[in-house]
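Asks: Before anything else, here's the structure in question.
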Amino acid sequence: MIKINNNIIKKVYKKIKEYQKIIIARHVGPDPDAIASTTALRDSIRITFPEKEVYAVGLSVSKFKYYGILDKIDNENYDNCLLIVLDVPNISRVDGIEGLNYKEILKIDHHPAEDIKGPVDWTDETSCSTCQMIAELILKTPLKLDTKIAGNLYLGIVSDSDRFLLSYTSNKTFQIVHDLIKASKLEFTSLYNYLYDRSLDEVRFQGYLATNMTVTENGLGYIIIPSDIIKEYNVDLATPANLINNFNFIREVIVWTFITEDIKNNVYKVSIRSHGPVVNETASKYNGGGHKYASGARITSKEDIDNFIKDLDELCENYKRASISNI
Ligand code: AMP
């Protein structure tokens with residue numbers, strides 16, 4: 006019998022035990038952390054409690070099919086279920102819960118808290134990924150682990166921490182990864198292809214971004230990507246966000262942003278990264294949010310794009326000035 010020492014983990018486990026029907030959802034436009042945490046938690050609950058009905062919902066993304074097939078269910082048949090939301094703090098960005106009359110909501114997330122508030126809320130902004138939290142949950146409770154679940158969690162952690170590069174990578178991250186590999190005997194090096202395989206078109210598109218990105222005197226790197234370019238390079242609207250971390254460690258750049266035209270939905274999808282100024286407050290001014298140093302936004306007018314670029318440039322200017330006066 007495992008003794009659960011951590012209070013919030015105990016509460017999460019108790020809630021999972023309590024419900025017969027559980028729906029697990031994550032944010033729209035999922036990344037490997039969102040998808041892998043969802044399928045890993047679903048599969049762990051399924052093998053631990055075979056009598057429960059547990060489904061992972063949301064739109065499938067074919068390039069992430071390695072992590073497991075998502076479930077197509079009729080939400081209207083799941084009244085009174087427990088809804089577990091992973092990797093998302095705001096209800097408007099939860100994918101696949103239309104018409105679901107859930108009884109309680111339980112959140113597990115590493116983003117700053119927003120409007121989702123349930124009786125059990127496990128928010129840990131110090132965690133590098135939601136997969137790190139799910140791995141901790143499984144390792145510290147009677148929830149079961151198998152090699153596939155461990156592999157999904159490992160890839161989610163590696164992806165969201167950008168191979169243990171980003172600042173929320175901690176000794177706890179390494180401890181959990183150690184325990185995960187030990188408990189599952191995971192052969193992790195063979196998994197990287199699922200994360201890093203990419204087309205030559207994508208590599209060429211990355212070259213386009215590097216060549217055409219404007220860098221201001223204050224250290225803001227930005228590029229507005231027209232939909233024609235997305236078409237010309239044979240990539241998709243999610244590609245800029247997938248590539249943005251590759252632009253880290255450029256000496257002249259403090260904050261960088263990719264602004265991608267989504268002509269079908271009449272919106273610009275924005276990704277922002279920073280290795281200095283906090284950017285999620287600026288993102289939230291433009292219909293966005295996210296982490297302090299990795300955020301996203303949605304902008305609909307050209308005027309707002311100009312304002313947004315100006316705001317980020319000012320952030321960089323102030324940051325530079327403050328850094329100089331601290332010397
Ligand atoms: P991305 O650049 O799309 O990888 O997003 C970076 C971070 O910002 C992720 O944690 C997203 O969940 C978050 N994010 C992206 N777009 C939005 C948005 N429109 N509103 C709130 N958070 C967002």
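Going by this note's numbering, the first residue of the sequence shown is number 6, and it counts up by one from there. Backbone N, C-alpha and C define an ideal beta-carbon position, used for all residues, glycine too.
For L148 and S65, I'd like the C-alpha separation in whole angstroms.
Replies: By one-based count along the sequence shown, residue 148 stands at place 143. By one-based count along the sequence shown, residue 65 stands at place 60. About 25 Å.
Asks: For S330, verify whether its CB is less than 8 Å away from any heavy atom of ligand 1.
Replies: Walking along the sequence shown from the start, residue 330 turns up at place 325. Because no heavy atom of ligand 1 lies under 8 Å away, the Cβ of S330 does not count as near it: no.
Asks: For the alpha helix (DSSP H) containing G293, list its first residue and its last residue.
Replies: On the sequence shown, residue 293 is found 288 positions in, with the first residue counted as 1. Per DSSP, G293 belongs to no alpha helix (DSSP H) and is neither H nor E.
Asks: Among K274, A288 and T216, whose alpha-carbon lies nearest the alpha-carbon of V260?
Replies: As a working mapping, residue 260 is identified with position 255 in the sequence shown. Checking every option, the nearest Cα to that of V260 belongs to A288.
Asks: Should the segment 193-204 be regarded as contacting the segment 219-233, the criterion being three or more beta carbon pairs within less than 8 Å?
Replies: At 8 Å Cβ cutoff, the stretches do not touch.
Asks: May I ask you to report which of helix, strand or coil DSSP gives E109?
Replies: As a first step, residue 109 is located in the sequence shown; it is residue number 104 there, counting from the start. Strand, per DSSP.
Asks: Excluding the five sequence neighbours on either side, which residues of its own chain have a C-beta within less than 7 Å of the C-beta of V125, listed in chain order?
Replies: Here residue 125 refers to the residue found at position 120 of the sequence shown. Counting only Cβ-Cβ distances below 7 Å, and skipping sequence neighbours, we find K16, V17, K20 and L111.
Asks: Cβ of H280 versus every heavy atom of ligand 1: is any distance shorter than 8 Å?
Replies: Numbered from its first residue, the sequence shown carries residue 280 at position 275. No, the Cβ of H280 stays beyond 8 Å of every heavy atom of ligand 1.
Asks: Leaving aside the five residues before and after L160 along the sequence, list all residues of the same chain whose C-beta is less than 7 Å from its C-beta, in chain order.
Replies: Taking the first residue of the sequence shown as 1, we reach residue 160 at position 155. Excluding positions up to five away in sequence, the list reads P37, A41, L196, Y199 and L200.
Asks: Determine whether the beta carbon atoms of P245 and S204 lie at a separation below 9 Å.
Replies: Taking the sequence shown and counting its residues from 1, one reaches residue 245 at position 240. Taking the sequence shown and counting its residues from 1, one reaches residue 204 at position 199. Their beta carbons are not under 9 Å apart, which means P245 does not touch S204 by this criterion.
Asks: Would you say H296 touches ligand 1, meaning its beta carbon is less than 8 Å from a heavy atom?
Replies: Position 291 of the sequence shown, counted from the start, is the residue given in the question as residue 296. Result yes, Cβ under 8 Å from ligand 1.
Asks: Ordered along the chain, which non-local residues of its own chain (more than five positions away) have a Cβ less than 8 Å from that of I304?
Replies: To locate residue 304, count along the sequence shown from 1; it is residue 299. Excluding sequence neighbours, I304 sits near I264, V272, Y273, V275, Y291, N292, I310 and F313.
Asks: Does the pairing of the segment 76-86 with the segment 114-133 give three or more beta-carbon distances under 8 Å?
Replies: Touching, no.
Asks: Suppose only complete runs of 3+ residues qualify. What are the beta strand (DSSP E) ranges in the segment 203-269, listed by chain order?
Replies: If we require 3 residues or more, the beta strand (DSSP E) runs fully inside the segment 203-269 come out as 225-230 and 260-267.
Asks: Mark S306 as exposed unless 16 or more other C-beta atoms lie within 10 angstroms of its C-beta, in which case mark it buried.
Replies: Stepping through the sequence shown from its first residue, residue 306 is reached at position 301. Exposed, because fewer than 16 other Cβ atoms sit within 10 Å of the Cβ of S306.
Asks: So what does DSSP say about Y273, is it helix, strand or coil?
Replies: Numbered from 1 along the sequence shown, position 268 holds the residue referred to as residue 273. Three-state DSSP puts Y273 in a strand.
Asks: Check each candidate in Q137, T128 and N95 and name the one with the smallest Cα separation from L46.
Replies: As a first step, residue 46 is located in the sequence shown; it is residue number 41 there, counting from the start. The candidate whose alpha carbon is nearest that of L46 is Q137.
Asks: Measuring alpha carbon to alpha carbon, tell me which residue in V283, L214 and F252 is nearest I234.
Replies: What you label residue 234 is simply residue 229 of the sequence shown in a count that begins at 1. The option with the nearest alpha carbon to I234 is L214.
Asks: Can you name the residues that DSSP bridges to D126?
Replies: Counting from one through the sequence shown, the residue named residue 126 turns up at place 121. D126 pairs with K112.
Asks: Check whether the segment 280-287 and the segment 175-191 touch, using three or more Cβ-Cβ pairs below 8 Å as the test.
Replies: Because the criterion of three Cβ pairs below 8 Å is not met, the segment 280-287 and the segment 175-191 do not touch.
Asks: Please determine whether the Cβ atom of A30 lies at a distance below 8 Å from any heavy atom of ligand 1.
Replies: Here residue 30 refers to the residue found at position 25 when the sequence shown is read from its first residue. Flag unset: Cβ of A30 not near ligand 1.
Asks: So does S1 have its beta carbon nearer than 8 Å to some heavy atom of ligand 1?
Replies: What the structure shows of the chain is the stretch from 6 to 332, and residue 1 is not part of that stretch, so it cannot be assessed.
Asks: Give the DSSP-derived three-state secondary structure of G63 in the structure shown.
Replies: For the purposes of this step, residue 63 is identified with residue 58 of the sequence shown, where counting begins at 1. Looking at G63 - three-state DSSP - the assignment turns out to be coil, as it is neither helix nor strand.
Asks: Between M218 and the rest of its own chain, which residues show a CB-CB distance below 6 Å, the 5 nearest in sequence each way excluded?
Replies: Position 213 of the sequence shown, counted from the start, is the residue given in the question as residue 218. Excluding residues within five positions, the ones whose Cβ falls inside 6 Å are G226 and I228.
Asks: On the DSSP letters alone, give me the boundaries of the alpha helix (DSSP H) that R326 sits inside.
Replies: By one-based count along the sequence shown, residue 326 stands at place 321. From DSSP, the alpha helix (DSSP H) with R326 extends over K307 to S330.
Asks: So what does DSSP say about A45, is it helix, strand or coil?
Replies: On the sequence shown, position 40 is the one that residue 45 refers to. In this structure, A45 counts as helix in the three-state DSSP scheme.
Asks: Looking at the secondary structure, which residues open and close the alpha helix (DSSP H) in which L185 lies?
Replies: Along the sequence shown, read from residue 1 onward, the residue named residue 185 stands at position 180. Segment N176 to S189, the alpha helix (DSSP H) holding L185.
Asks: Would you report the Cα separation of V220 and L150, rounded to the nearest angstrom?
Replies: Looking up residue 220 in the sequence shown gives position 215. Looking up residue 150 in the sequence shown gives position 145. Taking the straight line joining both Cα atoms gives about 46 Å.
Asks: Once you ignore the five residues that flank F210 on each side, which residues in its own chain have a CB closer than 7 Å to its CB?
Replies: One-based indexing of the sequence shown puts residue 210 at position 205. The answer, listed in chain order, is Y238, V240 and T244.
Asks: Would you check if the distance between the CB atom of K26 and the CB atom of N85 is smaller than 9 Å?
Replies: For the purposes of this step, residue 26 is identified with residue 21 of the sequence shown, where counting begins at 1. For the purposes of this step, residue 85 is identified with residue 80 of the sequence shown, where counting begins at 1. Cβ atoms of K26 and N85: closer than 9 Å.
Asks: Give a single yes or no on whether S300 has its beta carbon closer than 8 Å to a heavy atom of ligand 1.
Replies: Position 295 of the sequence shown, counted from the start, is the residue given in the question as residue 300. Flag set: Cβ of S300 near ligand 1.
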